[in-house]
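Worksheet for the structure shown next.
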Amino acid sequence: MKGKIFAAGLLAALTVAGNAEAKSLEDILKEKGVITEADYKEVNKAKPIKYKVGSGFTFLSDDEKFSLNLGSRIQARYTFTDNDEKNDVSEWKVRRAKFWLKGHAYSKDLTYKVQVNFADSGSSKMLEDAFFNYRLLNEAQILVGQDKVPFGRQELTSSGAQQFVDRSNATDTFKPGRDIGAKFHGKAAGGILEYSAGWYGGGGQSQTRSTNNNAVAVRVAVNPLGEMKYSEADLEHSKKPLVSVGANWHRNAFVKGEANNTSYYGKWLSKGAKFAANEKIEVNTAGADVAFKWLGFSAQGEYFWAQGDGDSVSNTKQRAHGFYAQTGYFIIPKHLEAAVRYSYVDPDRSITNNIQTETQGAISYYFNKHNLKLQADVTNIHKQTSGPSTDDMQYRLQAQIIF
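Under this note's numbering, the letters of the sequence shown match residues 2 to 404, in that order.
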């Protein structure tokens, strides 16, 4: 009984917090048409410190040449896995505990960001983002430092803006993740067209290499009905349909056994043991994606293809492919959503009985968009092996706050 009272109290507290997005006087006056947009901006100029729910605190210098935004995100998760052939697992963890600093310096066109994840404290993955970006035009910008490689819609969507507790297995298997380098990118026609072309060290997140092997990546996306943000679930209850179609390619090369290679071995490639020790491997990964939103309904999917080519006399190759498809609908507009997803991965197409599929169902309650939400999903994880196939059941519950 006490547990039920506590759970009800927690739910009530989250509901109150979710609805506690207070509006300032100038916000109210602007909404009522008492002051103009110019007046609104003038009033806000006088504020050295501002706060926006989900975006953190912003400090602005008097001359407006410098700004600093501070914010954080926490994800607390419980997972129970009912394993077919081994012991069950019951786990509590802080999946992510992120803190960011971002803003502009010297000019509003020169922006920067530093983000760390304390949940990965002590590992090379603690530092996630560390870059600065210069905007010549909206259509022409250059970013230098560590950031996500422009590959995969779901990977480029923040882990805090997902429709499920976390990304699909297909995305996690083929994504390059973060890397250090430079990226030329931009948006044209009000976001109808966006592109990125990057040149990277190829070592992966917070890793460098002492070779002349580098990585390159290119992504192009078209949003014919208007810009679609990289955020899952139609929280805005879009009044008009939104469509996005994208394609990307990533190329890397490395020597098997090279130091720190676990940072850039794709999960699909690490499944194969066919390459010889110290063999140079060239990896090409490509993908295509589509997304749709309208009136609380959303759907998206991606297909991935990858190939690793060894330089041995036997001309060793490993090919892989996979995809996911998901859809969701708000039962209670902007608050309660149900979603389903299917993911498929074949890490080596020359081998039989090695496919992994995941069938998932999820329900999410958004107290304040992605800023404050509670999510639960159930997954059947089917793995084909040379022996008996397994079907594990995974149950996850996660609470998230962004402030």
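Backbone N, C-alpha and C fix where the C-beta goes; we use that ideal spot for every residue, glycine too.
Predicted model, so just to flag it, every value in this text is computed and none were measured.
Do you know offhand how far residue i's Cα is from residue j's?
i    : j    : result
L157 : T172 : 10 Å
Y345 : G123 : 33 Å
D64  : G288 : 45 Å
S125 : Q208 : 8 Å
A222 : G205 : 24 Å
P177 : A39  : 43 Å
Q327 : K184 : 30 Å
T286 : W200 : 15 Å
With DSSP run on the structure shown, which of helix, strand or coil describes residue i?
i    : result
K281 : strand
A340 : strand
S271 : helix
T59  : strand
Y231 : coil
R320 : strand
E38  : helix
L144 : strand
L157 : helix
Does residue i have its Cβ less than 8 Å from a Cβ in chain D?
i   : result
T59 : Protein chains in the displayed structure number just one, and chain D is not present.
Using the Cβ count rule (16 or more neighbours within 10 Å means buried), how would you classify residue i?
i    : result
I382 : buried
T368 : For the record, residue 368 in the displayed sequence is Phe; it is not Thr. Burial call: buried.
S387 : exposed
I50  : exposed
Y325 : buried
D235 : buried
P389 : exposed
L243 : buried
A216 : buried
F175 : buried
K374 : buried
V379 : exposed
N170 : buried
L337 : exposed
D180 : buried
V166 : buried
According to DSSP, residue i sits in a beta bridge with which residue or residues?
i    : result
I29  : None, per the DSSP bridge assignment.
V217 : W200 and R252
T80  : E92 and R397
S299 : K294 and G329
**OP:** Report yes or no: do the segment 317–331 and the segment 349–358 share at least 3 C-beta pairs separated by less than 8 Å?
**Re:** Taking 8 Å as the limit for Cβ pairs, the verdict is that the segment 349–358 does touch the segment 317–331.
Original post:
Three or more beta-carbon pairs under 8 Å between the segment 217–232 and the segment 276–283, yes or no?
Top reply: Of all C-beta pairs linking the segment 217–232 to the segment 276–283, fewer than three are shorter than 8 Å, placing the two stretches out of contact.
Subject >> At least three beta-carbon pairs within less than 8 Å, the segment 100–117 to the segment 80–92 >> reply: Remark: fewer than three beta-carbon pairs, one from each stretch, lie closer than 8 Å, so the segment 100–117 and the segment 80–92 are not flagged as touching.
Subject >> Stretch pair the segment 185–200 + the segment 140–148: three plus CB contacts closer than 8 Å >> reply: The answer is yes - the segment 140–148 touches the segment 185–200, with three or more Cβ pairs under 8 Å.
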